[in-house]
Every structure is written in structure tokens, then in C-alpha cells.
Amino acid sequence: MKIYISADMEGLAGVTNWNEVTKSHPDYKRCQQQMTAEVRAACEGAFLSGAEEIWIKDAHASGRNLIHGELPEKTRLISGWSGHPFSMVQELDDSFAAIFFIGYHSGAGSHGNPLAHTLSSGRVERMWINTREASEFLLHGFAAASLKVPVVLVTGDEGLEAEVQEINSNIRTVAVKKGVGDSTINKHPQEILETIRLTAADVLRKNLDSCILKTPNSYTIKIRFVNQKDAFKASFFPGCSLEKGKMVVFKTSTYFEVMRFVQFVV
Numbered sequence: 002m003k004i005y006i007s008a009d010m011e012g013l014a015g016v017t018n019w020n021e022v023t024k025s026h027p028d029y030k031r032c033q034q035q036m037t038a039e040v041r042a043a044c045e046g047a048f049l050s051g052a053e054e055i056w057i058k059d060a061h062a063s064g065r066n067l068i069h070g071e072l073p074e075k076t077r078l079i080s081g082w083s084g085h086p087f088s089m090v091q092e093l094d095d096s097f098a099a100i101f102f103i104g105y106h107s108g109a110g111s112h113g114n115p116l117a118h119t120l121s122s123g124r125v126e127r128m129w130i131n132t133r134e135a136s137e138f139l140l141h142g143f144a145a146a147s148l149k150v151p152v153v154l155v156t157g158d159e160g161l162e163a164e165v166q167e168i169n170s171n172i173r174t175v176a177v178k179k180g181v182g183d184s185t186i187n188k189h190p191q192e193i194l195e196t197i198r199l200t201a202a203d204v205l206r207k208n209l210d211s212c213i214l215k216t217p218n219s220y221t222i223k224i225r226f227v228n229q230k231d232a233f234k235a236s237f238f239p240g241c242s243l244e245k246g247k248m249v250v251f252k253t254s255t256y257f258e259v260m261r262f263v264q265f266v267v
């Protein structure tokens, strides 16, 4: 059994401020350790349930955060950014039995996390896929669904947990914290690690097919940028139109084209 893990930082236990996820800041090292520990716990749980190979995408900022030597053997780490449209799930294909999203967070415009954003806090104000607000989880969960890869485990803040459960209640979630204004209320890191380990082991013993996200027949993606100039520039992408000054709209029947569009305009 081959498992894929996509890992971010803003949805980790104890992370509240941008300083903590910025490599140049002293607070970063603690969060780097927590990111590595949460991913390691997910790997350990997967191996307990028969996983033979695990691929991990370091999907935060530079893509070079996880401490490779502290991850289990029989894992493959994807560092940096290739430029492929699948972005935070680069190298994902239909050979994987399931995908975990670790350390993910609420999307732009939500109140679930002080660090809520979608791809770029400096460029994207809000994003929608059809009528649903798009988080990084939704963008990449649909990418997995386009390959028929089940999303079986998502960890992050309570706001993201509510989103995931609304989309597919068969997906297991581990809420590590609650966002309250510019603060967070966090569970203890060791408690979180044990919960992730046990949950990762348990989900792989269930019916994985029930965790494949249901995808629409066509897609209308809307992005409202922070700055009008970014929207104007994005509007020249083939098939994209400018709407209401800072918003662009793109329509397609193929999900890969959604991801290609996002890759080039955000």
C-alpha cells in the first residue's frame, strides 16, 4: 500500500503567528520540529496498518521545512517546488491508495485560524470553486479526487475540520486547535501526536473509497485579488475574464485546467 502525505505549517499545533512559520524568525525552529513530528506520527500510523511506501510533499513556503533525517525510513520526501500545476500534491497519481493532509488550515476569508489564507495571503483575498469558498484543502482534495485517490485524514484547525466534514463526513479529521480572533486555543503537542498516529492507523483499515471527494461536472473558479493590478494581469490567461475590478473568472470542465490556471495566475 502506497500513501501520499501533503504537509503544511499553519495548521500545526501551537502555531498562531506568521513569525512561527517564517524560516528567518527565531520562533520557526520549534514549529519546524512540530511539523516534522506530526508528519512522522502520521507515517508511523500508516505503517502500522500495512503501508509499504509513503511519499511526503513538503508544501509550506520554500517547500524545505521538514527535517529529513527525523522522518521514518521507507518514505520519499519531495522538497522545493517543481512548478507542476498540482503544486502541494506534486507527484500524486493513481498509484496511491490514499492521501493525508497534515498541518492544513482554514481558507482565505474564514475565521478558523489567524493565519487563514489560500495559497498567498499577500495576493489572494478570496477564492471560490463554483459556489464553495476554496481552501488549500479543497483545491488539492479535488486534485486527488480527479485521480480517484481517497482523502482519508486531514489535520488542522477546527474551522478546516468543519469544512472537511461538510464536504465528506467519511474523512477522519484531527483538530489540533481553535482560532479565536488573532489567537489560538491549542491541544498539547504530545496529545496531538498520539491522536494523529492512532487515527492514521485506523483510517487505513476502513473503506477508503467512501473518502473520495465528489467532484462537479464543470468548474467555475473565481479569484478576488488583494490588488487590482494582479487581477488585470491574470485576466489575460486564456479563457479568463475580468469582473468587478479585482475579481477574475475562469470556467472549464477539466480539473487539471483549474490547477493550471491557479498555478499561472496566483
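Going by this note's numbering, the final residue of the sequence shown carries number 267, and the count climbs one at a time with no gaps. Beta carbons: idealized from backbone N, C-alpha and C, even for Gly.
Whole angstroms are fine: how far does the CA of residue j sit from the CA of residue i?
i	j	result
Ala145	Leu243	29 Å
Gly110	Lys247	15 Å
Ile68	Glu74	13 Å
Ser50	Leu78	20 Å
Gln166	Gln35	25 Å
Gly12	Trp129	21 Å
Val218	Lys30	It is worth fixing the name first, because residue 218 is Asn in this sequence and not Val. Distance between the alpha carbons of Asn218 and Lys30 is about 43 Å.
Ala14	Arg127	25 Å
Thr200	Ser254	35 Å
Tyr256	Gly142	11 Å
Leu164	Arg133	Residue identity differs from the one stated: residue 164 is Glu in this sequence, not Leu. Cα to Cα, Glu164 sits roughly 10 Å from Arg133.
His189	Leu93	32 Å
Met2	Lys234	44 Å
Grab me the residues of residue i's own chain with a C-beta within less than 6 Å of its C-beta, minus the 5 sequence neighbours each way, in chain order.
i	result
Ala42	Leu194, Ile197 and Arg198
Ile4	Ala47, Ala52, Ile55 and Ala99
Ser83	Gln91
Gln229	Gly246 and Lys247
Thr37	Leu67, Ile68 and Glu71
Starting from residue i, follow the alpha helix (DSSP H) in both directions and report where the run begins and ends.
i	result
Phe143	Glu137 to Ser147
Glu195	Pro190 to Val204
Leu78	Note, Leu78: premise wrong, no alpha helix (DSSP H); beta strand (DSSP E) at Thr76 to Ile79.
Arg261	Tyr256 to Val266
Asp59	Here Asp59 belongs to no alpha helix (DSSP H); instead the beta strand (DSSP E) covers Glu54 to Asp59.
Lys24	Note, Lys24: premise wrong, no alpha helix (DSSP H); not H, not E.
Lys230	Gln229 to Ala235
Tell me the residue span of the beta strand (DSSP E) that contains residue i.
i	result
Thr37	Unbroken run through Thr37 is the alpha helix (DSSP H), Tyr29 to Leu49; no beta strand (DSSP E).
Gly160	Premise fails: Gly160 lies in the alpha helix (DSSP H), Glu159 to Ile168, not in any beta strand (DSSP E).
Gly108	Here Gly108 belongs to no beta strand (DSSP E), and DSSP marks it neither H nor E.
Trp129	Val125 to Ile130
Phe238	Unbroken run through Phe238: none, as it is neither H nor E.
Thr174	Arg173 to Val181
Val249	Met248 to Thr253
Ser184	Ser184 to Asn187
Lys207	Counting along the chain, Lys207 falls outside any beta strand (DSSP E), and DSSP gives it neither H nor E.
Phe226	Tyr220 to Phe226
Ile4	Lys3 to Ala8
Using beta carbons (cut-off 8 Å, strictly below), is residue i in contact with chain C?
i	result
Leu116	In the structure shown, chain C does not exist; there is a single protein chain.
Give every residue of the same chain whose Cβ lies closer than 8 Å to the Cβ of residue i, excluding the five residues on either side of it in the sequence, and list them in chain order.
i	result
Leu209	Ala98, Ala99, Pro151 and Val153
Asp95	Leu148, Lys149 and Val150
Ala232	Ile224, Arg225, Phe226, Leu243, Gly246, Lys247, Met248 and Val249
Met260	Pro86, Phe87, Ser88, Leu140 and Ala144
His61	Ala8, Asp9, Met10, Glu11, Val22, Met36 and Gly104
Pro115	Thr17, Asn18, Gly180, Gly182, Asp183, Ser184 and Thr185
His26	Asn20
Please list, in chain order, all residues of the same chain as residue i whose beta carbon is under 7 Å from its beta carbon, the five residues on each side excluded.
i	result
Gln33	Asn66 and Ile68
Thr76	Cys44, Ile55 and Ile57
Gly113	Ser107, Asp158, Glu159, Gly160, Leu161 and Gly180
Gly1	Absent from the structure is residue 1, since the part of the chain shown begins at 2 and ends at 267.
Asn169	Cys212 and Leu214
Asn187	Ala14, Gly15, Val177 and Lys178
Thr216	Phe143, Ala146, Ser147 and Tyr256
With a threshold of 7 Å, establish whether the CB of residue i neighbours any heavy atom of the ligand SAM.
i	result
Ala163	The ligand SAM is not part of this structure, which contains no ligands at all.
Would you please state the rounded distance, in angstroms, between the beta carbons of residue i and residue j? I believe it to be under 8 Å.
i	j	result
Glu39	Asp28	About 17 Å; that fails the 8 Å criterion.
Thr17	Thr185	5 Å
At least 3 beta-carbon pairs within less than 8 Å: the region 226-239 vs the region 252-266: yes
Report yes or no: do the region 8-16 and the region 89-107 share at least 3 C-beta pairs separated by less than 8 Å? yes
Inter-stretch contact at 8 Å, needing at least 3 Cβ pairs: the region 200-207 / the region 140-157: yes
Count the CB pairs spanning the region 214-226 and the region 247-260 that are closer than 8 Å, and state whether there are at least three. yes
With three or more beta-carbon pairs closer than 8 Å as the criterion, would you say the region 168-184 touches the region 118-129? no
Flag this pair as touching only if the region 180-189 and the region 131-138 have three or more C-beta atom pairs under 8 Å; answer yes or no. no
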